[in-house]
Amino acid sequence: MVKLPNIQRGKIYIMLAILTWFALLFVDLVRLFGEINQMEGDISREITWILEIIFFIILYLYFNDSINKNENSSFLNLIWRAASTGLIATTTSFLIIYFYYLLAGSRLSDDPLLRNFFYHVNFALTSLFLISAALLWKHLILYQKSKAVVQQWQAYEVILLISMFFVLINQESYDYGFMFGLIFLVIYGVILSVNLKWIPYLTFREKWKSILFLAIIIVCTAYLLVQLVSYNQKNIDFVNLSENLFLLGLFAFVLIYAVFSFLVTLFNLPTSSVFEQKLTEAISFQKLSQSIQPGENEEQVLDILMDSSMSAAYVDAAWLELHAQEEEDLPGKILHQKFISNGERQELMATLKKTEPFASYLNEQKNGKLEYIYGKIPHETFQSVLIIPIRANKKILGDLFLLKEVKDGFNKEMINIISTFVGQTSISIENYRLLNEAIRNERYREELEIAQRVQRSLLPSELHHNECFEIDGFSAAADEVGGDYYETYSFDRDHFALIIGDVSGKGTSAAFNMSQMKGVFHSLVQLNLSPKDFLTKANSALSRCLEKNNFITTTYYTVNTIEKEIHFARAGHCPTLYYSREKGAARFLNIKGMGLGIVRNESFEQYIEEGKLHFQSGDVMVLYTDGIVEAKNEIGQEFGYDNLRNLLDLNYHLPAREIRTKIIESVFAFVGKEILPDDDYSLLAIKFKA
Amino acid sequence: MLSINMTGARDHLVIALNGEVDASNSVELDEVIQEALSGSTQKILVDGRNLEYISSAGLGVFMSYLEDFREKEVAFVIFGLNDKVMNVFHILGLDQLIRIKNTQEEAEESLYDA
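Rendered as structure tokens:
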């Protein structure tokens, strides 16, 4: 199907309409000329009627198109469009009458052909007006579309279409059939005309304007009807164009709808302020419910609240008092004082504090559940007072004071709507605060992630060793960052240092102390000290850095793979687990020790012992932190030292990595999946080979 | 879970610890010892018979007052620790700095004899 562009289509309709009208005029004039001159070959009336029907259909299509294009124009515009078309049609008709008045007495004034021409002009303009008005009404009727209304209208359109052709079937004018059709159309028009839902949306001013326009439409319609009918009564020899069911039906519909609208608008005038008020309230509500935009603050929301509440209850004066917020260190203050001076406010406040029911609220503890207090006061200007507390996060943020000069100035609806406003404000403020908090938390989280990355990098990615031993390590933190630490150092090919440590406490503070420990290790390890001297110096250094109640436990080892010797000293750390191939059993290396930072003076040295052992191929040394032995299962039992030792007794023959994996898996299996680790776990497994 | 009771007897104070001391409640322990120290007593006894667990944070509290005890010449004795808790004190080396006794009688004896 060929689809013509919209603009073109409009122009084509106009052209077609004009052409049809000319054809109609021509046919009628020729026929009339023939009749007057009693010529043979009468043109049948059907041709006129068919041309008339085509003319109607084209106009209908044209206006349907053009109104749909301007779908968004206001009601008032639509009504004005109809009214102006009506005015043009009426004015033209008056001009014709005036023209005849000027011609009065001349031969031309009696000329039936000229009269018939003007008749056609009048007819065309009237049809134009009626069809355009009917389609504008359609737009108004379908303003709030429901399926039923749409179907009603579609049925009406079909009936109108049928009514156009009625003239071809029934040529007797005003017989029963015709009257029946007409009455049917009128009744249908009445049914359609009850759809007047657009009227309440007009403002007070718009209502007045629309009443004026509707009056114009009613007058024009009535006049045009009378005028068109009178033409036919005066000129019986014309083909009666107006005696078409369609045209008369439209007359009825346009007139009925205009009258209905006129009356309803008129009677709506007194209540329109209420509707407008409700609409303002809805808009206020919407403003309040929009969460506070970035860049705005809570005061702006409170400002909207003030304005909305004041207009909702026709308040004469108001202010908003914010209470001091201790946590946020905000002093109490008066905000948005409207139509009242400071002096008056203080004076009123003094009166309120003496008057019940306000006194008990204002003087005493704030009642957490109170929604509002309302009452009258003995004051010369203001007679009624409404106080509404504004809450956010279960705390009273402040009080809204609304004053009116009349007694009992607040009715139930006003208090309800203001309470709703206040509730919405609370939600907005709470949301705003939550959002801010979320943003802050997000930033903390990001910083914690950075700390985590930094701390992960503190643990070595590679452990120093040579072909004489294997080494494998594991570490998991309970929190984002942990306080466990291990490290290796290679003095040369055959000499190594190992350290494992645990910082007291956990989380971020532990992580900071751990990084201090790492610094101490790397500084002291280069001095190639004996384990005891190393720990004494480390204690001395850390005593100056650690907080009073913080300490670090550690064990320091030096490994010599030529002599196959290990020297070690324990600073309060869990005793090393050692499997000796020779003895065929694992044991804990118990030597005296003292945590770093516990004794912060020279006497520390006396609490430290140094141990020494020879290793053989197949020996296994397990270094761990207390998280392993203190890991608890769901019934609160600890993993314990015995479990750990038994595990090594069973698995000593495996390579270091597998020993490590076995132990960690056992610990996790012991703890169970449901329980989150509450301490940091670290483990180093060392297996000697040669 | 931790509950702390402080009672006076003769010349000394008894601080009884019930439950577990960890990072979340070590502050309570700290406050109690602080309070005991601020009084006039020179003798403090800690009843650890019902102490089930102590974390490094709890040990840190005892450790942080060692200096104060020495300066103010306060006698500080812990008694009745179970094996597990005792082991924790032992591993860290605190048993070398704090007098730890098995029974209340022994503890009181050591308080008044010294």
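Protein chains in written order, with the UniProt record's numbering: chain A, 1 to 690; chain B, 1 to 114. For every residue, glycine included, the Cβ atom is placed at its ideal position computed from N, Cα and C.
Taking A:Leu527 as the reference, give the member of A:Phe496, A:Ile566, A:Ser543 and A:Leu113 with the closest Cα.
Closest in C-alpha terms to A:Leu527, from the list A:Phe496, A:Ile566, A:Ser543 and A:Leu113, comes A:Phe496.
Using a Cβ-Cβ cutoff of less than 7 Å, which residues in the same chain neighbour A:Leu196 once the five nearest sequence positions on both sides are dropped?
Phe260, Ser261 and Val264
Whose Cβ in chain B lies nearer than 9 Å to the Cβ of A:Pro575? Ile91
Discussion item. Would B:Val74 pass as an interface residue toward chain A - the criterion being a Cβ-Cβ separation below 8 Å?
Written reply: no
In chain A, what lies closer than 8 Å to B:Gln96 by C-beta?
Here the neighbours are Lys592, Met594 and Tyr607.
Going by DSSP, which residues form a beta bridge with B:Asn18? B:Ser3 and B:Asn50
Exercise for the section: Compute the beta-carbon to beta-carbon distance between B:Ile91 and B:Val46, rounded to the nearest angstrom, for a pair I have assumed lies under 8 Å. Expected result: Not a contact, Cβ separation roughly 19 Å.
Check your understanding: Is residue 119 of chain B close to chain A, meaning its C-beta is less than 8 Å from at least one C-beta of that chain?
Key -> Nothing about residue 119 of chain B can be reported from this structure: the residues present for chain B run from 1 to 114 only.
- What does a CB cutoff of less than 7 Å around A:Ala541 pick up in its chain, not counting 5 residues either side in sequence? Val520
Own chain, CB closer than 7 Å to A:Met1, minus 5 neighbours either side, in chain order: Note that A:Met1 scores 48 on pLDDT, short of 50, meaning its location in the model is unreliable; the coordinates nonetheless yield the value given after this. Closer than 7 Å at the Cβ level, and outside the excluded window around A:Met1, lies no residue.
Item to check | Straight-line gap, residue 691 of chain A to A:Gly505 (C-alpha atoms, nearest Å) | outcome: The structure shown does not extend to residue 691 of chain A, since chain A spans only 1 to 690, so no value can be given for it.
Let me know if A:Ser230 comes out buried or exposed under the rule of 16 or more other beta-carbons within 10 Å of its beta-carbon.
exposed
Considering A:Phe588, what are the terminal residues of the alpha helix (DSSP H) in which it resides?
Annotation: A:Phe588 is outside any alpha helix (DSSP H); the continuous beta strand (DSSP E) that includes it extends over Ala585 to Phe588.
For A:Met39, report the span of its beta strand (DSSP E) as first-last. Segment: none, A:Met39 is in no beta strand (DSSP E) and carries neither H nor E.
Residues bridged to A:Arg391 [DSSP beta-bridge criterion]: A:Ile396
Measure from the alpha carbon of A:Ser193 to the alpha carbon of each residue in A:Glu356, A:Ala656, A:Phe253 and A:Leu185, then state which is nearest.
-> A:Phe253
Could you give the residue range of the beta strand (DSSP E) that holds A:Gly337?
In the sequence as presented, Gly is not what sits at residue 337 of chain A; that position holds Gln. For A:Gln337, the enclosing beta strand (DSSP E) starts and ends at Lys333 to Lys338.
Contact set between A:Gly572 and chain B, taken where Cβ atoms lie within less than 7 Å: For A:Gly572, the chain B residues whose C-beta falls within less than 7 Å of its own C-beta are Ile91, Leu92 and Gly93, listed in chain order.
* Per DSSP, cross-strand counterpart(s) of A:Gly593 -> A:Arg570
Top-ranked residue by Cα proximity to residue 118 of chain B, from B:Leu2, B:Glu108 and B:Glu73 = Given a span of 1 to 114 for chain B in the structure shown, any question on residue 118 of chain B remains unanswerable.
task = Could you name the residues of chain B that A:Ile598 contacts, counting a contact when the two beta carbons are closer than 8 Å?
result = Met63, Leu66, Leu92, Gly93, Leu94 and Leu97
Same chain, Cβ closer than 6 Å to A:Ser475, neighbours up to 5 away in sequence not counted: Leu459, Asp484 and Ser682
Entirely enclosed beta strand (DSSP E) segments - the region 443 to 519 of chain A, minimum 3 residues = Under the rule that a run must span 3 or more residues, the beta strand (DSSP E) segments found entirely inside the region 443 to 519 of chain A read 469 to 476, 484 to 490 and 495 to 503.
The region 641 to 650 of chain A contacting the region 590 to 607 of chain A, beta-carbon criterion three pairs below 8 Å
no
Rounding to the nearest angstrom, what Cα-Cα distance links B:Asn18 and A:Ser509 in this structure? 27 Å
So which of A:Asp494, A:His653, A:Val274 and A:Trp153 has the shortest CA-CA distance to A:Lys564?
A:Asp494
*asked:* Does any residue of chain A have a CB that is nearer than 8 Å to the CB of B:Ala16?
replied: no
Cα separation between residue 705 of chain A and A:Ile96? Summary: the structure shown does not reach residue 705 of chain A, with chain A confined to residues 1 through 690, and so no result is reported for it.
Could you say if the region 76 to 95 of chain A and the region 209 to 217 of chain A meet the contact criterion of at least three C-beta pairs nearer than 8 Å? Yes: at least three Cβ pairs fall under 8 Å.
Review point. Taking the C-alpha atoms as reference points, what is the distance between B:Ala16 and B:Ile44?
Key: 11 Å
I'd like the list of long-range same chain contacts for A:Arg660, defined as Cβ closer than 8 Å, with 5 residues on each side in sequence excluded. Asp472, Gly473, Phe474, Leu683, Leu684 and Ala685
Review point. Which residue's Cα is closest to the Cα of A:Tyr557: A:Val454, A:Ala569, A:Asn550 and A:Gln8?
Key: A:Ala569
#### Entry: Exposure label - A:Leu228; buried when at least 16 CB within 10 Å
buried
Short of 8 Å Cβ to Cβ, which residues in the region 523 to 557 of chain A face chain B? Lys548, Asn549, Asn550, Phe551 and Thr553
Margin query: Taking the alpha carbon of B:Asn87 as the reference point, which residue from B:Glu106, B:Val61 and B:Glu52 has its own alpha carbon closest?
Written below: B:Glu52
Inset, instruction - Ignore the nearest five residues each way along the sequence and tell me which others in A:Ala134's own chain have a CB closer than 7 Å to its CB. - result: Sequence-distant partners of A:Ala134 (beyond 5 residues in either direction) whose C-beta falls short of 7 Å from its own C-beta, in its chain, are Leu250, Phe253 and Val254.
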